[in-house]
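Structure first, commentary second.
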Amino acid sequence: MIPQSGQTDDQTVRLTTAHALVRWMLAQRSELLDGTEVPLFAGVFGIFGHGNVLGLGAALYEVRDELPTWRGSTEQGMALAAVAYTRATDRRQVMVATSSVGPGALNMVTAAGVAHANRLPVLLLPGDTFTGRAPDPVLQQVEHFGDPTTTVNDAFRPVSRYFDRITRPEQLISTLPQVARVLTDPADTGPVVLALPQDVQAERYDFPVAMFAPRVHRVPRARPDVSSLSSAADLLREAERPLLVLGGGVRYSGAGAEGLAFAETHNIPAVETVAGRTLVPHDHRLYGGPLGIIGSTSANNLAAAADVVLAVGTRLQDFTTASWTAFAADVRIITVNAARFDAVKHGSHAVVGDARETLVELSASLGGWKSGPDWAARAAEGKAAWDVHIDSLRAGGHTPDGSLTYAQVTGVVNDLSTPDDYVLTASGGMPGELHGGWRTGEVKHGSGPTSGGTMDLEYGFSCMGYEVVAPWGAAMARQQTHPDGLVTSICGDGSYLMLNSELYSAAFAGHPYVAVVCDNAGFAVIHRLQTNQGAKGFNNLLADSRGDISVRVDFVAHAASLGVHVEDVRESNSVDGLRAAYERAREAARTERRPAVVVCNVHHATWTEAGAWWETGVPESLSGRASYDEAKQRQLRWLG
Numbered sequence: 000m001i002p003q004s005g006q007t008d009d010q011t012v013r014l015t016t017a018h019a020l021v022r023w024m025l026a027q028r029s030e031l032l033d034g035t036e037v038p039l040f041a042g043v044f045g046i047f048g049h050g051n052v053l054g055l056g057a058a059l060y061e062v063r064d065e066l067p068t069w070r071g072s073t074e075q076g077m078a079l080a081a082v083a084y085t086r087a088t089d090r091r092q093v094m095v096a097t098s099s100v101g102p103g104a105l106n107m108v109t110a111a112g113v114a115h116a117n118r119l120p121v122l123l124l125p126g127d128t129f130t131g132r133a134p135d136p137v138l139q140q141v142e143h144f145g146d147p148t149t150t151v152n153d154a155f156r157p158v159s160r161y162f163d164r165i166t167r168p169e170q171l172i173s174t175l176p177q178v179a180r181v182l183t184d185p186a187d188t189g190p191v192v193l194a195l196p197q198d199v200q201a202e203r204y205d206f207p208v209a210m211f212a213p214r215v216h217r218v219p220r221a222r223p224d225v226s227s228l229s230s231a232a233d234l235l236r237e238a239e240r241p242l243l244v245l246g247g248g249v250r251y252s253g254a255g256a257e258g259l260a261f262a263e264t265h266n267i268p269a270v271e272t273v274a275g276r277t278l279v280p281h282d283h284r285l286y287g288g289p290l291g292i293i294g295s296t297s298a299n300n301l302a303a304a305a306d307v308v309l310a311v312g313t314r315l316q317d318f319t320t321a322s323w324t325a326f327a328a329d330v331r332i333i334t335v336n337a338a339r340f341d342a343v344k345h346g347s348h349a350v351v352g353d354a355r356e357t358l359v360e361l362s363a364s365l366g367g368w369k370s371g372p373d374w375a376a377r378a379a380e381g382k383a384a385w386d387v388h389i390d391s392l393r394a395g396g397h398t399p400d401g402s403l404t405y406a407q408v409t410g411v412v413n414d415l416s417t418p419d420d421y422v423l424t425a426s427g428g429m430p431g432e433l434h435g436g437w438r439t440g441e442v443k444h445g446s447g448p449t450s451g452g453t454m455d456l457e458y459g460f461s462c463m464g465y466e467v468v469a470p471w472g473a474a475m476a477r478q479q480t481h482p483d484g485l486v487t488s489i490c491g492d493g494s495y496l497m498l499n500s501e502l503y504s505a506a507f508a509g510h511p512y513v514a515v516v517c518d519n520a521g522f523a524v525i526h527r528l529q530t531n532q533g534a535k536g537f538n539n540l541l542a543d544s545r546g547d548i549s550v551r552v553d554f555v556a557h558a559a560s561l562g563v564h565v566e567d568v569r570e571s572n573s574v575d576g577l578r579a580a581y582e583r584a585r586e587a588a589r590t591e592r593r594p595a596v597v598v599c600n601v602h603h604a605t606w607t608e609a610g611a612w613w614e615t616g617v618p619e620s621l622s623g624r625a626s627y628d629e630a631k632q633r634q635l636r637w638l639g
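With numbering that gives the first Met the number 0 applied, the sequence shown covers 0 to 639.
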């Protein structure tokens with residue numbers, strides 16, 4: 000038997016392509032925000048097939064203790080868990096996901112889209128068909144009549160920051176440094192896809208030993224250009240109503256403390272984007288609330304009145320800008336971003352640099368300048384009014400059908416969460432409830448290995464099902480950095496039905512978290528969009544769909560069959576009942592070391608509303624067209 004690896008001389012070592020890739024991954028290290036050194040690649044999620052079981056699978060087996068491999072149930076689910084893992088480590092660590100060829104590989108394309116839209120690093124290793132082509136067409140191969148070099152893995156190209164197909168072993172020597180660059184560069188980070196043909200995985204080559212030397216990757220902190228920084232300071236000094244917008248880049252830079260210090264030093268109200276949520280304590284005197292369509296009226300009113308907006312670490316997506324109707328037509332926007340692509344959007348004054356270092360240097364450039372006290376007082380008054388509104392939603396009685404409201408569910412989880420806990424959701428209506436209604440308590444900026452951010456709202460790609468599988472990856476990450484904390488996910492019945500199988504994977508692996516499943520009998524948030532514009536309810540709620548409404552999923556029985564602890568709140572559907580059930584679920588997850596699921600019914604049409612506009616195509620025949628035309632004019636005035 001020919002050995003798969005062996006030392007050939009002092010400078011080279013003979014390895015298969017798969018073994019060389021795995022050995023390289025083991026040599027890569029990363030540095031957390033507090034300076035702690037950890038593996039860059041924390042582990043592998045894998046489902047094996049003929050395209051990866053004998054090459055990559057054999058190599059992973061040999062290092063199963065140093066680089067643990069976790070068995071997933073769906074390729075999309077495990078890849079989404081990998082995305083959630085890296086967000087929970089503030090992009091300082093990366094999980095790998097590997098699949099076989101064909102359908103297994105294509106199942107990971109959605110997760111790559113999530114990572115790409117949210118600027119999150121993940122390494123995907125799909126198997127690929129034979130480069131030698133001797134056995135073609137092989138099982139699971141899609142043949143392209145005019146291009147035999149094309150495989151289904153080319154579908155990853157639009158959702159990859161870096162894509163390569165390894166057709167010769169020695170190609171790893173030049174491509175792996177680029178892989179590390181993309182995974183650790185805040186200006187260019189995102190999903191990396193290395194397609195691995197199964198014959199090439201098993202081929203051997205004399206790789207240079209130096210390729211496997213340990214290396215620590217420290218996230219670079221680019222300093223801003225002096226001239227652009229000076230111009231930004233001049234713009235702020237002219238402002239009467241400046242507004243600080245804190246985005247996800249502030250979190251990933253570990254700049255939460257610097258953001259708060261900047262606001263305090265210059266008396267500027269601060270608001271948060273979806274990705275920047277939980278960076279500011281709710282009771283901070285300058286906190287104006289969460290910004291955007293699913294945010295708060297307090298923050299949106301500030302945005303409409305601001306004359307200069309300093310947007311730090313945000314890509315200014317439509318849910319933040321209310322489809323570019325949130326700001327006044329004559330507002331001046333300063334963007335601070337590690338990526339020039341994001342910094343130059345919409346004619347903003349671009350300051351390209353690391354969020355933490357730029358905030359420090361910009362503050363020094365401003366010296367003792369402060370905005371007036373009336374503007375800060377306006378922010379406090381607006382947030383106080385929003386708090387009263389949220390209090391009324393949380394205290395509301397039973398809905399017409401006796402169900403709970405989304406705000407009540409959010410309030411229970413919020414009240415029982417600790418500063419070490421972590422909450423997440425995605426898609427549908429729950430991001431609006433968490434972004435708009437969550438109250439951040441103590442924030443541990445600069446006191447640990449992560450930024451202090453304690454929320455993951457996947458509302459960049461709005462991927463249904465993410466919130467069901469993401470807590471698995473987040474729980475794996477947080478148990479290393481916040482062992483006293485607990486991850487909680489809040490999801491709807493629609494998302495649960497899409498990707499529930501990873502509940503079993505997490506139970507099997509022994510990773511605890513709590514998932515609160517809110518049954519609203521359909522895709523309720525899209526039903527809201529549909530009917531609010533004057534369309535008839537159709538094919539979203541179960542009651543409006545073709546089928547038998549009496550056929551319902553028993554989520555309690557289903558979740559229990561996946562090996563998790565289950566709490567049933569459907570009979571009482573009271574706030575007190577939910578609170579008691581959630582407390583029991585938290586305890587069970589901790590003691591039993593497995594997920595716990597809480598099932599409750601929620602009213603499909605009782606929402607937290609921020610009153611901002613979101614552009615969707617509205618036909619002229621619908622009643623919502625008039626408001627659409629009015630908002631479109633406001634948008635065009637801003638863009639013009």
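Built from N, CA and C at the ideal position, the CB exists for glycine as well.
Endpoints, beta strand (DSSP E) assigned at residue i
i	result
G288	Y286 to P289
A383	Taken as a continuous stretch (DSSP letters only), A383 belongs to no beta strand (DSSP E), being part of the alpha helix (DSSP H) at P372 to A394.
E566	H564 to D567
E271	A269 to E271
T320	No beta strand (DSSP E) contains T320, which is instead part of the alpha helix (DSSP H) from D317 to T320.
S488	V486 to G491
Cα-Cα separation, residue i to residue j
i	j	result
T128	D233	58 Å
M0	Q10	Residue confidence is low: M0 scores 32 on pLDDT, short of 50, so the model does not pin down where it sits. Its coordinate-derived value is still stated next. Taking the straight line joining both Cα atoms gives about 24 Å.
V408	G42	33 Å
P2	L59	Because the pLDDT at P2 is just 43, under 50, the model does not fix this residue reliably, and the point stays unresolved.
V568	C599	5 Å
T480	G472	13 Å
R551	N519	12 Å
A83	V308	30 Å
A238	G533	41 Å
D640	R377	A question about residue 640 goes unanswered here, because the residues of the chain that appear run from 0 up to 639.
V516	C490	5 Å
A256	G189	25 Å
T15	A587	45 Å
7 Å Cβ shell around residue i - same chain, five flanking residues per side excluded
i	result
S72	S500, E501, Y503 and S504
G287	P268, A269, V270, S297, A298, L301, A378, G381 and K382
K443	P418 and G451
Sequence-distant residues of the same chain with beta carbon closer than 8 Å to residue i, five excluded per side
i	result
R589	L485 and P511
G521	D492, G493, N539, L540, L541, A542, D543, S544 and H603
W323	D317, H345, Q634, W637 and L638
M77	F44, G45, I46, W69, G71, A96, V468, E501 and S504
Extent of the continuous alpha helix (DSSP H) to which residue i belongs
i	result
G435	M429 to G436
S364	A354 to L365
D233	V225 to R236
F261	G255 to H265
R636	R624 to L638
A303	T296 to A304
Reduced DSSP category for residue i - H, G, I as helix; E, B as strand; rest coil
i	result
R91	coil
Q27	strand
W69	strand
I172	helix
I525	helix
H481	coil
L403	strand
R86	helix
L124	strand
R214	strand
D518	strand
N644	Because the chain in this structure spans residues 0 to 639, residue 644 falls outside the shown range and cannot be described.
N51	coil
Nonlocal neighbours in the same chain, by C-beta distance under 6 Å from residue i, ignoring five residues either side
i	result
F537	D543
A474	V486, H510 and Y512
A476	Y84, A87 and T88
A559	V565
Does the region 616-630 come into contact with the region 409-416, if we say contact requires no fewer than three beta-carbon pairs (one atom in each stretch) closer than 8 Å?
no
Give a yes or no on contact between the region 430-449 and the region 277-286, applying the rule of three or more CB pairs nearer than 8 Å.
yes
With a threshold of 8 Å, are at least 3 pairs of Cβ atoms found where one atom belongs to the region 204-222 and the other to the region 21-36?
yes
The region 105-125 in contact with the region 89-96 per 3-pair CB rule at 8 Å:
yes
Three CB pairs or more closer than 8 Å across the region 147-165 and the region 98-117:
yes
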